[in-house]
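Structure, as structure tokens:
Chains as they are written, first to last, in this note's numbering: chain A, 65 to 470; chain B, 1218 to 1360.
Set out below in structure tokens:
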């Protein structure tokens, strides 16, 4: 382990733990990443020193909390290169952000006989909300097919973009297979037909920079907890022109402008979409995570994760009986695999005993698993804080599993 | 043998294991040697779905005793299933309704039965008890 990795790991107290009597090897980063001390400390500090309810308070503490919350929004806007903080809506995470767009955009723009296009790589969170809109509006959900290697079929995608298509929604990076989709090209194609695009960025923001202006996407959704920030917060980037035309998603405090019993007028962006007391502490934690990523640096992160992916792929391929699922040319550090006829639950139970955290199952992508003809995979997802030594422990555990069940 | 004797026997067997590997080896052996469930019973109405593994549980009521047969797609789950069959199968509805399941805690398999493991085992125990209640009430739960 080199000294940079050692220093970075020392910022993650949790990584020093023993699990089942063994040092923890945490390979479940696609489910949630660990949080560096500075993020935990920022949240602590907020509750210890600065807690107050935001907005509409004249007292000093409320003003400071408001300032911290809005500066977190500004930080997210800068991180994504959004043209204004008003285009950043805080939500509980990606799922809520997609639900917001599906419900609100769907209400305003989807009608009977229209089509909504998603991809075969999607997480249930980017399928079910659209399916519900289709049910309500009597619209049709169409699916961009995926090839065996985990890449989307772009030729079919182009053909599926029709005058009936009201919105396309696909992920930046597949949580189950690690495929990095050519989102820039896919957004461009959608726009060529005048169709807006929503990107599920749940896996997108932890592996490299995202520039929404450059991408020209209409919506980009994300979760803080998958990018070294706290759970319970995330967000939606939306182009102002859409957000302004969309009706509120939830109603309550803060999102209103004037209320009488006869009529309510709604607040301006972004507050129109943030009903109720927001999650101030975690917004501040998220801002701290963004700073942490900035200090760590994308060059370092990408180099380290590319090395771990290449090394892990090579080591797993060397074990007879291992089949990697998802071999797209462009992949993030997510490695999904199966062990011939050994059930993933059996494998996962044994691997766990070695202190190694991997995820098993269908990864909330049942339609994708059906398409690939499998019931699930074992998934090791690497962060830059992982090491080759940890991967060696994983391959060792896999060899033990194979010996045990054959 | 009555249910509590079987439980005691199982607890004794497990107390001889030194580490988790022994325990898993035992469960794997039990899983592999569990009699195959007739394909005709591997039907959706017998399926107990967990997120991680699936269990099929079939029951028959004969001469006042409930006979259970079961299967799972995962070997470790199958091993635990075979322990549960050893405890519960071949007893009267009353015995099954009264039976305690704390022994799974004692032998260190409680983790496997927490709902978070999603392997269908907790639902299997619930289903075994439900069958017992149904047979006792004179219903035939098997359609």
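Yeah, the Cβ is synthetic: ideal placement off N, Cα and C, and Gly gets one too.
Bear in mind that the values here come from a model prediction, so they are computed numbers and not experimental data.
The Cβ neighbour count for residue 324 of chain A, taken over all protein chains shown within 10 Å, is under 16; the residue is labelled exposed. The continuous beta strand (DSSP E) containing residue 441 of chain A extends over residues 441–445.
The count of Cβ pairs closer than 8 Å, one atom from the stretch 94–103 of chain A and one from the stretch 457–470 of chain A, stays below three, leaving the stretches out of contact. Note that the C-beta distance between residue 89 of chain A and residue 421 of chain A is below 9 Å.
By the rule that beta-carbons nearer than 9 Å mark a contact, residue 1292 of chain B touches chain A. Scanning the stretch 1279–1329 of chain B from its first residue to its last, the whole beta strand (DSSP E) runs of 3-plus residues come out as 1282–1289. For residue 321 of chain A, there is no enclosing alpha helix (DSSP H); the enclosing beta strand (DSSP E) covers residues 320–323. As a beta-bridge residue in DSSP terms, residue 1273 of chain B pairs with B/1264 and B/1288.
The continuous beta strand (DSSP E) containing residue 399 of chain A extends over residues 398–402.
When 7 Å is used as the limit between beta carbons, residue 1237 of chain B is near these residues of chain A: 417, in chain order. As the crow flies, the alpha-carbon of residue 410 of chain A is around 47 Å from that of residue 172 of chain A. Leaving aside the five residues that flank residue 1228 of chain B on each side, the residues in its chain whose CB is nearer than 7 Å to its CB run, in chain order, 1320, 1323 and 1324. Contacts between residue 1269 of chain B and chain A, judged by CB atoms closer than 7 Å, involve 409, 424 and 425 in chain order. As DSSP reads the structure, residue 235 of chain A sits in a beta bridge with A/264. As DSSP reads the structure, residue 183 of chain A sits in a beta bridge with A/208. Contact with chain A is absent for residue 1265 of chain B, since none of that chain's Cβ atoms lies less than 9 Å from the residue's Cβ. The Cβ atoms of residue 377 of chain A and residue 403 of chain A do not sit closer than 9 Å to each other.
Taking 9 Å as the cut-off, the Cβ atoms of residue 1242 of chain B and residue 468 of chain A count as close. Taking 9 Å as the CB threshold, residue 468 of chain A lines the interface with chain B. Considered as a whole, the stretch 397–437 of chain A harbours 408–417 and 430–436 as its complete alpha helix (DSSP H) runs of no fewer than 4 residues, in chain order.
Take the alpha-carbon of residue 443 of chain A and the one of residue 120 of chain A: they are about 46 Å apart. Residue-level contact by beta carbon fails for residue 1324 of chain B and chain A, as no gap is shorter than 9 Å.
Here residue 313 of chain A carries a coil assignment [DSSP, helix/strand/coil].
Proximity of residue 1243 of chain B to chain A, defined by a Cβ-Cβ separation below 9 Å, is not satisfied. Within the same chain, and ignoring the five residues on either side of residue 78 of chain A in sequence, the residues whose Cβ sits closer than 6 Å to its Cβ are 98. Against chain B, the CB of residue 157 of chain A has no partner CB under 9 Å away; the residue lies outside that interface. The residue among B/1255, B/1289 and B/1240 with its C-alpha nearest the C-alpha of residue 1264 of chain B is B/1289.
A distance below 9 Å separates the beta carbons of residue 289 of chain A and residue 157 of chain A.
Residue 350 of chain A and residue 285 of chain A have their C-alpha atoms some 14 Å from each other.
The closest CA to that of residue 131 of chain A, considering only A/142, A/255, A/145 and A/116, is found on A/116. Its chain contains 1305 and 1349 as the residues whose beta carbon lies nearer than 6 Å to that of residue 1313 of chain B, once the 5 sequence neighbours on both sides are disregarded; these appear in chain order. A direct Cα-to-Cα measurement between residue 202 of chain A and residue 309 of chain A gives close to 21 Å.
The three-state secondary structure of residue 346 of chain A, taken from DSSP, is helix.
Residue 283 of chain A is not a Cβ neighbour of residue 269 of chain A, given a cutoff of 9 Å. Interface flag for residue 462 of chain A against chain B is unset, since no Cβ pair is found closer than 9 Å.
The secondary-structure analysis by DSSP pairs residue 152 of chain A across a beta bridge with A/301.
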